[in-house]
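Residue numbers (our numbering): 1 to 123. For glycine and all other residues, C-beta sits at the position ideal for the given N, C-alpha and C. Here's the structure, in structure tokens; my notes come after.
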């Protein structure tokens, strides 16, 4: 069920805010989550383009290796890895269209953008 701006909502499951599961191994704090049941108010909504795991992996790969200079051999290897990620996405693409992402301001002051409808329920 779609939510309008101003609707009172709550999280139906824990939602990761930041960090990665490997951060703890290098002495940094691990992932940060907002807990199930936290209440908030919808402050915005927008169509979000359909993205799958392969697109997310490609964006993360580009973020990590982009903006640096490599020798020709390394550039070729990175190009091959990038092509593999793209091919993986082409095999698994189901053509699921755009979805609605919600911006929610929670009681604890956090504002999250892009929350999917299945993460929320009416408060």
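Going by beta-carbon coordinates alone, are residue i and residue j separated by less than 8 Å?
i: residue 42; j: residue 81; result: no
i: residue 12; j: residue 32; result: no
i: residue 85; j: residue 58; result: yes
i: residue 10; j: residue 38; result: yes
What does the alpha-carbon distance come out to for the pair residue i and residue j?
i: residue 70; j: residue 79; result: 11 Å
i: residue 102; j: residue 8; result: 12 Å
i: residue 40; j: residue 123; result: 8 Å
i: residue 113; j: residue 35; result: 16 Å
i: residue 115; j: residue 88; result: 25 Å
i: residue 105; j: residue 2; result: 17 Å
i: residue 100; j: residue 15; result: 17 Å
i: residue 65; j: residue 72; result: 14 Å
Count the other C-beta atoms from every protein chain shown that fall within 10 angstroms of the C-beta of residue i, then say buried if there are 16 or more, exposed otherwise.
i: residue 45; result: buried
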